[in-house]
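A.B. asks:
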Amino acid sequence: MSTVTASRRVARVMRGIATADGAGVKLTRVIGQPDLDMLDPFLLLDAFGADEAVDYLAGFPDHPHRGFETVTYMLEGRMRHRDNHGNSGLLEAGSVQWMTAGRGIVHSEMPEQEHGRMAGFQLWVNLPASDKMIAPRYQDIAAERIVRVDAGDGVRVRVLAGRYGDAVGPVNGIAIAPLYLDIELAPHARGAAPLSEGHTAFAYVFEGAATFGGGDAARTLASGELAVFERSGTAVEFAAGAHGARFILVAGQPLNEPVARYGPFVMNTPEQIVEAIRDYQAGRF
Ligand code: FE
Numbered sequence: 117m118s119t120v121t122a123s124r125r126v127a128r129v130m131r132g133i134a135t136a137d138g139a140g141v142k143l144t145r146v147i148g149q150p151d152l153d154m155l156d157p158f159l160l161l162d163a164f165g166a167d168e169a170v171d172y173l174a175g176f177p178d179h180p181h182r183g184f185e186t187v188t189y190m191l192e193g194r195m196r197h198r199d200n201h202g203n204s205g206l207l208e209a210g211s212v213q214w215m216t217a218g219r220g221i222v223h224s225e226m227p228e229q230e231h232g233r234m235a236g237f238q239l240w241v242n243l244p245a246s247d248k249m250i251a252p253r254y255q256d257i258a259a260e261r262i263v264r265v266d267a268g269d270g271v272r273v274r275v276l277a278g279r280y281g282d283a284v285g286p287v288n289g290i291a292i293a294p295l296y297l298d299i300e301l302a303p304h305a306r307g308a309a310p311l312s313e314g315h316t317a318f319a320y321v322f323e324g325a326a327t328f329g330g331g332d333a334a335r336t337l338a339s340g341e342l343a344v345f346e347r348s349g350t351a352v353e354f355a356a357g358a359h360g361a362r363f364i365l366v367a368g369q370p371l372n373e374p375v376a377r378y379g380p381f382v383m384n385t386p387e388q389i390v391e392a393i394r395d396y397q398a399g400r401f
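So for the sequence shown, our numbering puts the first residue at 117; every next one is plus one.
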C-alpha cells in the first residue's frame with residue numbers, strides 16, 4: 117500500500133453537533149445536521165460514546181425505517197435489535213450490522229448492559245430508487261468475521277466492507293459499493309487506502325490525531341473531526357501524530373437522485389413520503 121499516485125485532498129473539515137435521539141441517547145450527529153445535510157449517498161452519521169448508563173440506557177424503542185440502510189458498528193457495549201418481522205440479534209463490541217430497510221421495518225435498538233461504556237457509530241446509506249421498496253435484509257457480522265490487516269508497519273485495518281489491498285470485507289451485495297474501514301495507527305505510522313474514482317469519501321477521527329491528504333494540501337484532524345475528501349483521486353494518504361490515531365474511512369458511489377426525506381423515511385418524491393407515512397400508520401411495514 118506504499119505506492120500512491122493520486123491522493124485525494126481534504127475538501128472540508130468539521131465537527132458534529134451534540135444531540136439526543138431515540139428515548140434520550142446522547143450522541144454526536146456528524147452527517148445529517150444543519151452544516152452537513154447529507155453527503156450523497158450518506159444521509160446520516162451518528163457517533164455515540166457514553167460512559168454513564170443514564171445517557172444511553174433508554175435506547176431506541178420501536179421506530180420505522182423505509183428507503184435506505186442503517187449500518188451500526190459497535191466499538192464498546194452491546195445492543196439488542198428486534199423487528200416486527202421476527203428478526204432479532206445482539207450486536208456485541210466489534211460487530212457490525214448492515215440493515216437494508218427497503219420497503220420497511222419497525223424495530224427497536226436497545227442497550228443490553230446496565231453499566232460501563234457504550235460506543236459506536238450508526239451510518240445511514242441511501243438506496244437507489246430502484247431498490248427502495250425491496251424486501252428488508254440483514255447482515256449481522258460478528259467481530260471475528262471482520263477482516264483484519266496488520267502489515268506490521270503500525271497500520272492496523274479492520275475491513276468491514278469493500279477492499280483494502282487483498283483483504284475483502286464480509287458485507288456484500290450493497291448497491292453503493294461501499295468501503296468501510298476502521299484504521300488504527302501507531303504513533304507516527306503512515307499509510308494509504310485505495311478509493312474508487314468519483315466515490316464520495318470521508319474520514320472521522322475518534323482517537324488521537326491524524327493527517328490526511330499528503331503534501332501541501334495535508335490537513336490534521338483531532339478526535340471528533342470529520343474530513344470530507346474531494347471526489348477525484350484513487351487513494352487517500354494518512355499519517356498519525358505522536359500519540360497515534362484511530363478513524364473510520366468510509367466511501368461509496370453517489371446516487372445523484374432526488375431525495376425526499378422525513379425522519380426515518382427517505383424516498384425520492386414527496387408523494388412517496390406521504391405513501392410511506394400512510395403505509396406505516398396502516399401497519400403495512
Ligand atoms: Fe433504527
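Built from N, CA and C at the ideal position, the CB exists for glycine as well.
In this text the structure is predicted, and so the values were computed from the model without any measurement.
Measuring straight from C-alpha to C-alpha, what distance separates glutamate 192 and aspartate 167?
C.D. replies: Distance between the alpha carbons of glutamate 192 and aspartate 167: 10 Å.
A.B. asks: If we ignore side chains and look at the alpha-carbon of each, how far apart do serine 118 and alanine 326 end up?
C.D. replies: Unreliable placement is indicated for serine 118, whose pLDDT of 44 sits below 50; the coordinate value is still reported in the next sentence. For serine 118 and alanine 326, the distance between alpha carbons rounds to 17 Å.
A.B. asks: To the nearest angstrom, how far is it from the Cα of tyrosine 254 to the Cα of phenylalanine 158?
C.D. replies: If I take the Cα positions, the gap works out to 18 Å.
A.B. asks: Please report the distance separating the alpha-carbon of valine 275 from that of alanine 358.
C.D. replies: Valine 275 and alanine 358: Cα-Cα distance of roughly 25 Å.
A.B. asks: Can you grab the Cα-Cα spacing for the pair leucine 301 / alanine 355, in whole Å?
C.D. replies: If you take the alpha carbons of leucine 301 and alanine 355, they lie about 8 Å apart.
A.B. asks: Confirm the yes/no value for this check: CB of threonine 216, any heavy atom of the ligand FE, distance under 7 Å.
C.D. replies: No.
A.B. asks: Aspartate 395 bridges to which residues according to DSSP?
C.D. replies: In the DSSP output, where bridge partners are listed per residue, aspartate 395 has none listed.
A.B. asks: Confirm the yes/no value for this check: CB of phenylalanine 164, any heavy atom of the ligand FMN, distance under 7 Å.
C.D. replies: By its list of ligands, the structure shown excludes the ligand FMN, since it contains just the ligand FE.
A.B. asks: Can you tell which of Ala317, Ala235, Asp395 has its C-alpha closest to the C-alpha of valine 212?
C.D. replies: Cα-wise, what sits closest to valine 212 is Ala235.
A.B. asks: So is the beta-carbon of threonine 350 under 7 Å away from any non-hydrogen atom of the ligand FE?
C.D. replies: Threonine 350 Cβ: outside cutoff for every heavy atom of the ligand FE.
A.B. asks: Among the candidates Ser246, Phe176, Ala317, whose CA atom is the shortest distance from the CA of glutamate 373?
C.D. replies: Measuring from the Cα of glutamate 373, the nearest candidate turns out to be Ser246.
A.B. asks: Kindly examine the ligand FE and report whether one of its heavy atoms sits closer than 7 Å to the Cβ of glutamate 228.
C.D. replies: No - the ligand FE has no heavy atom lying nearer than 7 Å to the Cβ of glutamate 228.
A.B. asks: Of the choices His181, Pro177, Asn200, whose alpha-carbon is the least far from that of glycine 379?
C.D. replies: Glycine 379 has its Cα closest to that of His181, out of His181, Pro177, Asn200.
A.B. asks: Considering Cα atoms alone, identify which of Glu228, Ala209, Pro252, Asp269 is closest to arginine 261.
C.D. replies: The candidate whose alpha carbon is nearest that of arginine 261 is Ala209.
A.B. asks: Where does valine 129 sit, in a helix, a strand or coil, going by DSSP?
C.D. replies: It is a strand residue.
A.B. asks: State buried or exposed for arginine 124, treating a residue as buried only when at least 16 other CB atoms are found within 10 Å of its CB.
C.D. replies: Flag for arginine 124 reads buried.
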